[in-house]
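In my numbering, the protein residues as written are 44 to 173.
So the structure is just underneath, and the comments pick up after that.
Written out as structure tokens, the structure reads:
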């Protein structure tokens with residue numbers, strides 16, 4: 044990559060386990076891989092392009108399991124030395140495991156405000172629609 048561009052590769056794993064009786068069907072494991080490309084317009088501002096591939100498996104016999112592909116573009120800006128804002132928009136296509144469920148597609152939006160309180164502590168506000 045050049046001086047004006049960079050990239051990163053992320054991996055995320057979410058294990059959501061519901062203990063109360065009657066909610067066990069909603070327990071799931073999600074694994075997501077996402078490369079992100081950055082084009083640095085200025086030292087404080089970057090444009091991003093991101094692709095997510097996620098696999099979601101439910102533990103009890105539900106038909107909610109799925110794989111989704113998601114592409115997003117956005118802008119990232121450092122407002123102050125301690126605060127950053129991220130705005131992303133894109134498209135998601137979800138393929139369900141069960142043939143009884145119809146595949147879905149939707150627009151996705153995300154906004155994040157990040158404030159570094161100390162070297163080891165960050166406060167983050169996230170709003171998303173997906």
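Note that the Cβ used here is the ideal one computed from N, Cα and C, for glycine as well.
As the structure is a prediction and not an experimental result, all values here were calculated from the model.
For residue 140, the three-state secondary structure derived from DSSP is coil. Here residue 100 has 71, 72, 108 as same chain residues with Cβ atoms under 7 Å from its own Cβ, once five neighbours each way along the sequence are excluded. Here the alpha carbons of residue 122 and residue 164 stand approximately 18 Å from one another.
Distance between residue 133 and residue 47, taken at the CA atoms: about 23 Å. Burial is judged here by how many other beta carbons sit within 10 angstroms of a residue's own beta carbon; residue 53 has fewer than 16 and is exposed. The Cβ neighbour count for residue 89, taken over all protein chains shown within 10 Å, is at least 16; the residue is labelled buried. Contact check for residue 126 against residue 158 passes: the beta carbons are separated by less than 8 Å. The beta carbon of residue 59 lies closer than 7 Å to those of 70, 71 in the same chain, with the five residues before and after it left out.
The beta carbon of residue 144 sits closer than 7 Å to the beta carbons of 106 from its chain, once the five residues preceding and following it are set aside; these are given in chain order. Taken through DSSP and simplified to helix, strand or coil, residue 68 comes out as helix. Taking C-alpha positions only, residue 50 is separated from residue 77 by approximately 11 Å. Partner residues in the beta bridge of residue 167, as assigned by DSSP, are 157.
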